[in-house]
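Chains G and W, in that order, give the protein sequences. Under our numbering, the first residue of the first sequence carries the number 30, and numbering increases by one thereafter. Under our numbering, the first residue of the second sequence carries the number -1, and numbering increases by one thereafter. From the three backbone atoms N, C-alpha and C, an ideal C-beta is built for every residue, glycine too. Predicted model only: the values in this text are computed from it and were never measured.
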Amino acid sequence: MSEAAYKQVFRRPESLKDVPTHYCPGCGHSVAHRLVAEVLDEMGLREQTIGVPPVGCAVLAYNYFNFDMVEAPHGRALAVATGVKRVLPDKFVLTYQGDGDLAAIGTAETIHAANRGENISCIFINNAIYGMTGGQMAPTTLIGGTSTTTPGGRDASRDGKPIDISQMLAVCDGTVFIERCTLNSFKGVKKAKKAIRKCFQAQVDGLGFGLVELLSPCPTNMKQTPQQAWEFIDNEMMATFPLGVIKDTTGYED
Amino acid sequence: MPSEKVLMRGSDTLAEAAVRAGCRYFFGYPITPQNELPEYLSWRLPEVGGTFIQAESEVSAINMVLGAAAAGARALTSSSSPGVSLKQEGISYLAGQELPAVIANMMRGGPGLGNIAASAADYFQATRGGAHGDYRTPVLAPDSCQELAELTFTAFDLADKYRTPVMLLGDGLIGQVMEPVVLPDPIDPADLPPKDYIVDGCAGREPRAIFSMLLGQQGELMQHNFKLQAKYDEITANELRWDEYLIEDAEIIAVAYGSASRIIRAAVDELRAEGIKAGLFRPITLWPYPKQALRDLAKSDVKIAVFELSAGQMVEDVMLSVGERAEIDFYGVPGGVIPTPADAAAFLRSSLAGDGKVGRRIAI
Ligand SMILES: Cc1ncc(C[n+]2csc(CCOP(=O)(O)OP(=O)(O)O)c2C)c(N)n1
Ligand code: SF4
């Protein structure tokens, strides 16, 4: 038998290290990592990239991403990224942040980096819970949503309603592209990848601040099976956080 | 450009010296009494191709500095007491990540919002590490605009040499006073040695990560801490700075830093004119503290008179240095009230007389 001609159709992106991650089974972080890595590879950006991970479940992202990274204190990723980008305006600068990091402790950094129109791309993982610290209420926890600090459910009169930071950022002049996608379905993941590509392209073209929000399952802290975590995003999260392009002034064709 | 003698305000001196030391990035948030410094850099940095950003808070400012340092630049932030409190978490990260940065604190009266007058009540915060973790920050305390200019260079050099945040500790007085200064010659940041730890894209090399979290089960964080401690030992061995004034035959040695030292130096002169053998020991590095140099001066027939613009903070380092070798008296004025040279002279006389009229005896 002669040598079989194999064609490789799927492999680990170069932007991801060949190491196991610590993410739980069914967690959205691993999918999001892969998408970011694929897009960076496809756009030839890996060697130009400086990433800033969050403090949150993705705090160890520098062990998984195969490009330069610098740790930021909890919530300060966009301030750190601002410092990096101002020194290296021709490099590609990326933050990767959870909802607590981006929309609670880091709200000021987030809004002001966006408002300055920092030429930075932000991947925002919205899992409606604090993953790393063990399932406390997030700024994005749904009304009625139980967590270890809202055992009776989130109460709007006590805790306020879930914050929609993507909408808030859309009113800032410095933002050029904001889209909310989901990681709970094949279709959703494909769409998310397209959004990430567009967001990254906006930075490459020097247009301004871009953000892709990804509705992401956290089965562990939601006390769900991975299947239930996906259904929760479809049946409950999307009602509060509807998918779609929130702002796009890039002028790019789809 | 050849440097000539110019009349400059302290804040402007620090700002211009930073530019000349190759700093091209400033991030800060307004607070009195140091606003002249960012205002100066807001027009000066663009002149040299640098970047000035008014951040949304001191928290953001210190983290922008962190990012700029990670990208390889000399970066500066400045503030005054309440704002420096907000920077503490970032300073701890800089220490843990071993990134260079210069932080200027033009101290004002506290606690809380306090007032905007010159004070020196942030000594503990500056020298003990105001944030979490086992770390130290070299602290430089100038007493004049000239020394401020020189120590600004020193601060950037130490920061790069030891990969550590360094604090320039001044106060509202030194920030506002105008004095003749000869500025150090400018250096081009492009001539600074390359840094092999920065993140600037991994083209042609392995990716790098700058981080302070060490979760390993084999004591990785302990090892990292031991490494930091070894660095702090090296700084302590190599970087002590202090100034001695008329101490050889002194029967009373004043110990003071920064603006307080200027006030009591005048008192020392006044006493000398009366034939009283007074002298001044002035720490310039507050951490590391010149303990041995001070200890060597402490004898049973010498009084040590500590003078501070605070309720008594540096005096603890004097106690650690001197122990029971000599009697220590303390006189401090907190809350932004500036004592006069006459007040300081009254303290020195009272200390010599042992009458307890001004200040108090420190019991070890
Ligand atoms: C200053 C500070 N406050 C609190 C924490 C503790 N902390 C770590 S991660 C986190 C929240 C994580 O939630 P999120 O940002 O939603 O990310 P996830 O883990 O869900 O991905 C908190 C509160 C910290 N590390 N630092
Ligand atoms: S706790 Fe949640 S967010 Fe964190 S790794 Fe597990 S599933 Fe993912």
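Quick check: what's the CA-CA separation for residue i versus residue j?
i: G:Lys252; j: G:Asn264; result: 16 Å
i: W:Asp132; j: W:Phe151; result: 26 Å
i: G:Asp193; j: W:Gln52; result: 26 Å
i: W:Gly20; j: W:Asp186; result: 6 Å
i: W:Val266; j: W:Thr30; result: 31 Å
i: W:Phe154; j: W:Arg72; result: 7 Å
i: W:Gly128; j: W:Asn103; result: 13 Å
i: G:Asn155; j: G:Gly203; result: 22 Å
i: G:Ile225; j: G:Asp70; result: 12 Å
i: W:Pro337; j: W:Ser349; result: 16 Å
i: W:His222; j: G:Arg75; result: 29 Å
i: W:Gly201; j: W:Leu278; result: Reading off the sequence, residue 201 of chain W comes out as Ala, not Gly. If you take the alpha carbons of W:Ala201 and W:Leu278, they lie about 55 Å apart.
i: W:Glu34; j: G:Ser44; result: 45 Å
i: W:Val63; j: W:Met220; result: 26 Å
i: G:Leu107; j: G:Asp128; result: 13 Å
i: W:Arg22; j: W:Asp315; result: 35 Å
i: W:Pro205; j: G:Lys46; result: 10 Å
i: W:Phe1; j: W:Pro182; result: Strictly speaking, residue 1 of chain W in this sequence is Ser, with Phe absent from that position. Going from the Cα of W:Ser1 to the Cα of W:Pro182 covers about 7 Å.
i: W:Gly333; j: W:Val100; result: 26 Å
i: G:Gly217; j: G:Cys210; result: 6 Å
i: W:Ile274; j: W:Gly70; result: 53 Å
i: G:Val68; j: G:Met98; result: 17 Å
i: G:Thr278; j: G:Glu208; result: 12 Å
i: G:Gln256; j: G:Cys247; result: 11 Å
i: G:Met161; j: W:Ala67; result: 28 Å
i: W:Phe122; j: G:Arg187; result: 39 Å
i: W:Thr234; j: G:Asp119; result: 40 Å
i: W:Glu87; j: W:Gly65; result: 14 Å
i: W:Gly321; j: W:Ser257; result: 25 Å
i: W:Gly310; j: W:Pro339; result: 18 Å
i: W:Glu145; j: W:Asp241; result: 11 Å
i: G:Tyr52; j: G:Thr170; result: 20 Å
i: G:Val233; j: G:Ala185; result: 40 Å
i: W:Leu226; j: G:Pro180; result: 43 Å
With distances taken from CA atoms, which of the options is nearest residue i?
i: G:Val289; options: G:Thr177, G:Arg145, G:Lys222, G:Ser214; result: Nothing in the structure corresponds to residue 289 of chain G, since chain G is present only between 30 and 283.
i: G:Leu212; options: G:Ile262, G:Glu282, G:Gly235; result: G:Ile262
i: W:Arg358; options: W:Gly334, W:Pro339, W:Ile326; result: W:Ile326
i: G:Ile149; options: G:Tyr281, G:Lys227, G:Leu64, G:Phe270; result: G:Lys227
i: W:Arg347; options: W:Leu284, W:Glu272, W:Gln290; result: W:Glu272
i: G:Ala132; options: G:Gly112, G:His103, G:Ala110; result: G:His103
i: G:Glu147; options: G:Leu117, G:Pro42, G:Val88; result: G:Leu117
i: W:Val300; options: W:Ala248, W:Ser259, W:Gln95; result: W:Ala248
i: G:Gly57; options: G:Gly280, G:Ala258, G:Val48; result: G:Ala258
i: W:Asp231; options: W:Ile250, W:Pro136, W:Ser308; result: W:Pro136
i: G:Ser245; options: G:Gln37, G:Ala33, G:Ala231, G:Leu64; result: G:Leu64
i: W:Ser55; options: G:His141, G:Gly235, G:His51; result: G:His141
i: G:Val88; options: W:Gly199, W:Lys3, W:Leu212; result: W:Leu212
i: G:Phe229; options: G:Val241, G:Ala61, G:Lys219; result: G:Val241
i: G:Phe50; options: G:Val38, G:Lys36, G:Tyr91, G:Asp130; result: A small correction: the amino acid at residue 50 of chain G is Thr; Phe does not occupy that position in the sequence shown. Ranking the options by Cα distance to G:Thr50, first place goes to G:Tyr91.
Measure how close the beta-carbons of residue i and residue j come, nearest whole angstrom, since I'm counting them as under 8 Å.
i: W:Ser77; j: W:His130; result: Going by Cβ atoms, the distance from W:Ser77 to W:His130 rounds to 19 Å, so no, they are not a contact pair.
i: W:Ala343; j: W:Leu269; result: 6 Å
i: G:Pro290; j: G:Tyr125; result: The structure shown has nothing for residue 290 of chain G, since chain G only spans 30 to 283.
i: G:Gly164; j: G:Gly173; result: Not really, about 15 Å apart at Cβ, beyond 8 Å.
i: G:Ala157; j: G:Met266; result: 6 Å
i: W:Ala124; j: W:Met165; result: 5 Å
i: W:Gly107; j: W:Ala115; result: 5 Å
i: W:Ile282; j: W:Arg323; result: No, W:Ile282 and W:Arg323 are not in contact; Cβ-Cβ is about 22 Å, not under 8 Å.
i: W:Leu167; j: W:Ala139; result: 5 Å
i: W:Val197; j: G:Ile152; result: At roughly 18 Å, the Cβ-Cβ gap does not stay under 8 Å, so W:Val197 and G:Ile152 are not in contact.
Using only the heavy atoms of ligand 4, determine whether one of them is closer than 6 Å to the beta carbon of residue i.
i: W:Asn103; result: With respect to ligand 4, the structure shown offers nothing to examine, as its ligands consist of ligand 1 and ligand 2.
Exercise. Quick one: complete alpha helix (DSSP H) runs, 4+ long, within the region 30 to 117 of chain G?
Worked result: Within the region 30 to 117 of chain G, the runs of alpha helix (DSSP H) that reach at least 4 residues and sit entirely inside it are, in chain order, 57 to 71, 90 to 93, 106 to 116.
For this session: List in chain order: all unbroken beta strand (DSSP E) runs of 3+ residues lying wholly within the region 160 to 209 of chain W.
Result: As far as the region 160 to 209 of chain W is concerned, its whole beta strand (DSSP E) runs of at least 3 residues are 163 to 169, 176 to 180.
Problem set entry | Residue ranges of each alpha helix (DSSP H) within the region 249 to 301 of chain W, 4 or longer | Complete alpha helix (DSSP H) runs here, min 4: 256 to 271, 289 to 295.
Problem set entry | Minimum length 4: unbroken alpha helix (DSSP H) runs contained in the region 51 to 78 of chain W | 56 to 68, all fully within the region 51 to 78 of chain W.
For this session: Would you list, in sequence order, the uninterrupted alpha helix (DSSP H) runs of no fewer than 4 residues that lie entirely inside the region 220 to 255 of chain G?
Result: Qualifying alpha helix (DSSP H) stretches, in chain order: 248 to 251.
For this session: Go through the region 17 to 49 of chain W residue by residue and report every complete run of the beta strand (DSSP E) that reaches 3 residues or more, in order.
Result: For the region 17 to 49 of chain W, whole beta strand (DSSP E) runs of length 3 or above, ordered along the chain, are 23 to 26.
For this session: Could I get the ranges of all uninterrupted beta strand (DSSP E) runs contained in the region 296 to 358 of chain W, with 3 residues as the minimum, in chain order?
Result: Entirely contained in the region 296 to 358 of chain W, the beta strand (DSSP E) runs reaching 3 residues are, in chain order, 301 to 306, 325 to 330.
Problem set entry | Every unbroken alpha helix (DSSP H) within the region 86 to 167 of chain W, with a cutoff of 4 residues, ordered by chain | Listed in chain order, the complete alpha helix (DSSP H) runs (minimum 4 residues) inside the region 86 to 167 of chain W are 86 to 95, 121 to 126, 143 to 160.
Problem set entry | 4 or more residues per run - each alpha helix (DSSP H) lying fully within the region 132 to 185 of chain G | Listed in chain order, they are 136 to 144.
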